[in-house]
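Numbering (this note's numbering), first residue to last: 33 to 483. Where a beta carbon is used, it is the ideal one built from N, C-alpha and C, also for glycine. Shown next, in structure tokens, is the structure this report addresses.
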Ligand SMILES: [Zn+2]
């Protein structure tokens, strides 16, 4: 099984890979910025009157010669545009044919469209790399599966990197290409608004650098085009990273299903946000359950957290396996936690829990008589507080009916934080686990997550 430590190394690697992609996108937008500077600079030289560019002068019709400027930008677009992209190019060309003011807007649109198309290729290449590398990473960690199963796993997941892939059954998913173009459109609008602001006041040669392209992001904020380019660059980096993470998570899910993994844990990236830290604490989660969190839709864009198989066994598994097998051999060690076998700690925790809960009466009148070794292990392993167990027993959100597995009864007390499983006949506490989110949501105790 993959350890949390190994998975964190994987996260580090992915963050490094993201940085490489970020640099590629930075280069595209540095070039776009230079393109804007050139287009606006040339336009100023060609159409300023007595050193000033005025909006009234820009309402005149364009000549063949004027259109040469537009054609030069159009020629920089790739030949393999898809329909939404070539439609945009057509719009910018049509705009450029109206008058001089439209000519400038059309050229700005074409510069930014060329950058969007180059970014799109970078994002798509990144998606492909993400899927290829994730398949190989997950295959390495998969247990003894038949060759056929492994082969099918690889084949099916390869299809994820197709540009038009849609996540299974997610109706709210907007294709990344559409989001990329929409973000670029917004940038074009904002740039044009800023340019017109300067032209409407009469743009001088100094204004080109002073107002539109100042060297610092805090200068001329209302008309600063560098900031717009930085913003769209950032948005595209976020798309690249988020879409890679989404596909990696899909491959992970597919691996869980291929291997019939039942529970998974959330592994946070370095410096994870509160939302993700809470996702970590709320685990483990059931694989494939509708309320089990996924990346990025249940975390956030840019999220680099990961999911790994959990060594958690739920109470059904316990009653059928561990409980019947005498459950707690003295040698049973959790693979996750090397320190819990430490005798001192174990004795200490055993006494702590015993003194806290033995003799306690549950809300439905069962006297707690003893605790299992397994319970102590779980408590140490997950660093749970005994008070949350007491709360579950005395003040449960809900109590499951008694369940029998091979004649052994178990009953589950779901508290606001912790769930405790007991044998209702003997009063022995079998195990504990975090109360699942769906139960907490049902009882309205899910809101105060952000502390
Ligand atoms: Zn995260």
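Which of helix, strand or coil DSSP assigns to residue 465
strand
Of the choices 468, 434 and 169, whose alpha-carbon is the least far from that of residue 458?
434
Any heavy atom of ligand 1 closer than 8 Å to the beta-carbon of residue 336?
yes
Is residue 460 helix, strand or coil when you go by DSSP?
strand
Taking only the alpha-carbon atoms, compute the straight-line gap between residue 463 and residue 444 and give it to the nearest angstrom.
9 Å
Any chance the segment 309-326 sits against the segment 466-473, with 3 or more Cβ pairs inside 8 Å?
yes
Just to check, is the beta-carbon of residue 465 closer than 8 Å to a non-hydrogen atom of ligand 1?
no
For the segment 154-163 and the segment 274-294, state whether three or more C-beta atom pairs, one from each stretch, are separated by less than 8 Å.
yes
Less than 9 Å separating the beta-carbons of residue 209 and residue 199?
no
At what residues does the beta strand (DSSP E) containing residue 340 begin and finish?
338-341
Beta carbon of residue 268, beta carbon of residue 256: below 9 Å?
no
Which of the three DSSP states, helix, strand or coil, is assigned to residue 296?
strand
Cβ-based neighbour list, residue 136, same chain, cut-off 6 Å, excluding 5 preceding and 5 following:
75
Nearest to residue 40 (by Cα), restricted to the options 387, 300 and 143:
300
Whole beta strand (DSSP E) elements within the segment 421-449, 3-residue minimum
435-437 and 440-446
Return the residue from the list 248, 155 and 202 that minimises the CA-CA distance to residue 49.
155
When you measure from the CB of residue 406 to every non-hydrogen atom of ligand 1, does any distance come out below 8 Å?
no
Identify the residues that DSSP records as bridge partners of residue 393: which are they?
399
Does the Cβ-Cβ distance between residue 147 and residue 70 come in under 9 Å?
no
Candidates 139, 271, 291 and 95: which alpha carbon is nearest residue 73's?
139
Quick one: residues in its chain with C-beta nearer than 6 Å to the C-beta of residue 170, no 5 flanking neighbours on either side, listed in chain order?
283 and 287
Cα-Cα separation, residue 309 to residue 335:
12 Å
In chain order, what are the residue ranges of uninterrupted alpha helix (DSSP H) at least 4 long that sit wholly in the segment 81-116?
96-106
Exposed or buried, residue 97, counting other C-beta atoms within 10 Å across all chains shown (16 or more means buried)?
exposed
Am I right that residue 132 and residue 235 are in contact with their C-beta atoms under 8 Å? What's the rounded C-beta distance?
In fact, because the Cβ distance is near 13 Å, the residues do not count as touching under 8 Å.
Which residue wins for smallest C-alpha separation from residue 182, given the options 289, 34, 55 and 303?
289
Ends of the alpha helix (DSSP H) at residue 495?
As displayed, the chain neither begins before 33 nor continues past 483, which places residue 495 out of reach and without an answer.
Does the structure place the segment 381-390 close enough to the segment 413-423 that three or more beta carbon pairs sit under 8 Å?
yes
Contacts around residue 34, its chain only, beta-carbon distance under 6 Å, and the 5 residues preceding and following it disregarded
173 and 340
Bridge partners of residue 236, per DSSP?
84
Taking C-alpha atoms, which residue in 83, 185, 260 and 212 lies nearest to residue 225?
260
What's the gap between the Cα of residue 276 and the Cα of residue 205?
15 Å
Return the CA-CA distance between residue 333 and residue 437, expressed in angstroms with no decimal places.
43 Å
Length of the line joining the Cα atoms of residue 311 and residue 325
8 Å
For the alpha helix (DSSP H) that residue 178 lies in, which residues bound it at each end?
Here residue 178 belongs to no alpha helix (DSSP H), and DSSP marks it neither H nor E.
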